[in-house]
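Numbered according to this note's numbering, the sequence shown spans residues 14 to 370.
To keep things clear, I will list the structure first and then write my remarks on it.
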Amino acid sequence: MGDATDYRVTREELERFMLAALARAGADEASAGAVTRALVTASRMGTDSHGLRLLPHYVQALQGGRLKGAPEMRFERRLPATGYLDADDGLGHLAAYTAMAHAAEMAEQVGMGAVAVGNASHFGAAGCYALVAAERGLIGLVTCNSDPFVLLHQGSRPFHGTNPIAFAAPVAGEQPYLLDMATSAIPWNRVQQYGAIGRELPDQVAADAEGRVTRTPGEVAALLPLGGSDFGFKGAGLGGMVEVLSSMLAGMQHGYRLLPMGGPDMATPRGVAHFVMALKPDAFAPGDPFSACLRRYLDDLRAQPGRNGCEVLVPGEREWGCQAQRDALGIPLDSANQAAYAELAERLDVPPLRPLS
Numbered sequence: 014m015g016d017a018t019d020y021r022v023t024r025e026e027l028e029r030f031m032l033a034a035l036a037r038a039g040a041d042e043a044s045a046g047a048v049t050r051a052l053v054t055a056s057r058m059g060t061d062s063h064g065l066r067l068l069p070h071y072v073q074a075l076q077g078g079r080l081k082g083a084p085e086m087r088f089e090r091r092l093p094a095t096g097y098l099d100a101d102d103g104l105g106h107l108a109a110y111t112a113m114a115h116a117a118e119m120a121e122q123v124g125m126g127a128v129a130v131g132n133a134s135h136f137g138a139a140g141c142y143a144l145v146a147a148e149r150g151l152i153g154l155v156t157c158n159s160d161p162f163v164l165l166h167q168g169s170r171p172f173h174g175t176n177p178i179a180f181a182a183p184v185a186g187e188q189p190y191l192l193d194m195a196t197s198a199i200p201w202n203r204v205q206q207y208g209a210i211g212r213e214l215p216d217q218v219a220a221d222a223e224g225r226v227t228r229t230p231g232e233v234a235a236l237l238p239l240g241g242s243d244f245g246f247k248g249a250g251l252g253g254m255v256e257v258l259s260s261m262l263a264g265m266q267h268g269y270r271l272l273p274m275g276g277p278d279m280a281t282p283r284g285v286a287h288f289v290m291a292l293k294p295d296a297f298a299p300g301d302p303f304s305a306c307l308r309r310y311l312d313d314l315r316a317q318p319g320r321n322g323c324e325v326l327v328p329g330e331r332e333w334g335c336q337a338q339r340d341a342l343g344i345p346l347d348s349a350n351q352a353a354y355a356e357l358a359e360r361l362d363v364p365p366l367r368p369l370s
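Below, the structure is given as structure tokens:
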């Protein structure tokens, strides 16, 4: 097999394979479409740790019975701007896209909308769902809890999950402003990705079983909160905020009590919780100044001098650049993902990926 520099596939080919594999694993059309949309979006923007690398995991969870491939999700609008979505132990991607659609509809009607999501599951990259709001001219905020991977500040064992925060805002004439971050120093999937390709981790992002900082993926037992050993109270505090917005508003158990994402139990639903919110910019200050104010802010930000020749970027700018490049040249698969997709193709009797020549 080639390495990631010479093994690339088109967006359409990756979508074809994912849809077929998920259908074989028991996902209905809506579920398979939502997963494929989210994973391909993430990988087009260069976030492979939350993109194409996750397909084998979702197949395993569907086949094991943890996830329902044809859930009966139920939405209840509680007040003019709030609602609750019971995801019925379905795929988190469908739950999050559905919740944001409801939140956006409320925002367009009354200025804002927020939805708590219960009985959900892992949904990949949180930014995918914040983007839905921005594409409708709204501001989007998305959070999700997860099982414990991250130390508390000065803690010795995992307590919070990576508990992501995503924020997106529409920008006239260009791609949305997009912030998508874990409240840990790095996401857990990044550790697995680095381990698969034999790459050493950066410093101050992960710890071993004794709580000591390590750069070796195989030694990692926990992640450090954003801020590392010295300033991790910031990431730990943000992780707790995400927990309040996600599990507690949805009435679900908090992340410390969740079953591990990676198993070994792939039969029992985990009860992950999400929170999504949409805001209508012109529902706030008189005269609808949002677009002009955001434009001045971005212009001033981009005009700031970089350090050591670096360019100052707007959140999301790197991802949009990567998306343009990958749409033109193809989406790369490293050797570990090539092997995983070949195994899926054989096991599920799906035509294998066809790389670009």
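The beta carbon of each residue, even a glycine, is placed where N, CA and C say it ideally should be.
| Item | Value |
| --- | --- |
| Could you check if Gly-211 is buried or exposed, using at least 16 other CB atoms within 10 Å of its CB as the buried criterion? | exposed |
| Assign Val-363 to one of three DSSP states: helix, strand, or coil. | coil |
| By a C-beta neighbour count over all protein chains shown, 10 Å radius and 16 as the cutoff for buried, is Val-257 buried or exposed? | exposed |
| To which residues of the same chain is Glu-246 closer than 6 angstroms at the C-beta, ignoring the five residues directly before and after it? | Checking the sequence shown, residue 246 turns out to be Phe, not Glu. Taken in chain order, the residues that qualify are His-166. |
| Apart from the five residues just before and just after Tyr-110, which ones in its own chain have a Cβ nearer than 7 angstroms to its Cβ? | Ala-47, Tyr-142, Val-145 |
| From the DSSP output, which residues share a beta bridge with Arg-21? | Pro-345 |
| Of all the CB atoms in chain B, is at least one closer than 8 angstroms to the CB of Arg-228? | Absence of chain B from the displayed structure is noted, only one protein chain being present. |
| Helix, strand or coil: which one does DSSP assign to His-173? | strand |
| Note down the Cα distance separating Leu-357 from Ala-316, rounded to an integer number of angstroms. | 47 angstroms |
| Near Gly-224, which residues of its chain fall below 8 angstroms by C-beta distance, leaving aside the five closest residues on each side in sequence? | Leu-164, Gly-168, Ser-169, Arg-170, Ala-235 |
| When the Cα atoms are used, what is the spatial distance from Val-233 to Val-204? | 8 angstroms |
| Could you round the C-beta distance between Ile-344 and Arg-24 to whole angstroms and report it? I think they count as a contact, below 8 angstroms. | 6 angstroms |
| Lys-81 and Gly-105 - do their beta-carbons sit closer together than 8 angstroms? | no |
| With which residues is Ala-182 paired in a DSSP beta bridge? | Tyr-190 |
| Apart from the five residues just before and just after Leu-271, which ones in its own chain have a Cβ nearer than 8 angstroms to its Cβ? | Asn-158, Ser-159, Asp-160, Pro-161, Gly-174, Arg-283, Gly-284, Val-285 |
| Given this structure, state the Cα-to-Cα distance separating Leu-366 from Asp-295, to the nearest angstrom. | 45 angstroms |
| With a floor of 3 residues, list each beta strand (DSSP E) that falls wholly inside the region 267–345, ordered by position along the chain. | 285–292 |
| Given a cut-off of 8 angstroms on the beta-carbon distance, is the pair Val-130 and Ala-147 in contact? | no |
| For Tyr-97, list the residues DSSP reports as bridge partners. | Glu-89, Ala-129 |
| Report the three-state DSSP secondary structure of Ala-220 (helix, strand or coil). | strand |
| Give me, in chain order, the residues of the same chain whose beta-carbon lies closer than 7 angstroms to that of Trp-201; leave out the 5 immediate sequence neighbours on both sides. | Phe-162, Thr-175, Leu-236 |
| Which stretch, first to last residue, makes up the alpha helix (DSSP H) that contains Thr-54? | 42–57 |
| Which residues in the same chain have their Cβ closer than 8 angstroms to the Cβ of Ser-260, if we skip the five residues on either side of it in sequence? | Asn-158, Gln-266, His-267, Gly-268, Ala-286 |
| Mind checking Leu-342: buried by the 16 CB within 10 Å criterion, or exposed? | exposed |
| Per DSSP, what are the beta-bridge partners of Pro-161 in this structure? | Per DSSP, none; premise fails for Pro-161. |
| For the alpha helix (DSSP H) containing Gly-241, list its first residue and its last residue. | 241–256 |
| Could you name the residues that DSSP lists as bridge partners for Ser-62? | In the DSSP output, where bridge partners are listed per residue, Ser-62 has none listed. |
| Output the distance between the C-alpha atoms of Leu-32 and His-70, rounded to the nearest integer angstrom. | 15 angstroms |
| Nearest-angstrom Cα distance between Thr-281 and Ser-44? | 19 angstroms |
| Apart from the five residues just before and just after Val-155, which ones in its own chain have a Cβ nearer than 6 angstroms to its Cβ? | Ala-139, Tyr-142, Ala-143, Ala-179, Val-289 |
| Just verifying my parser: in three-state terms, what is the DSSP assignment at Tyr-354? | helix |
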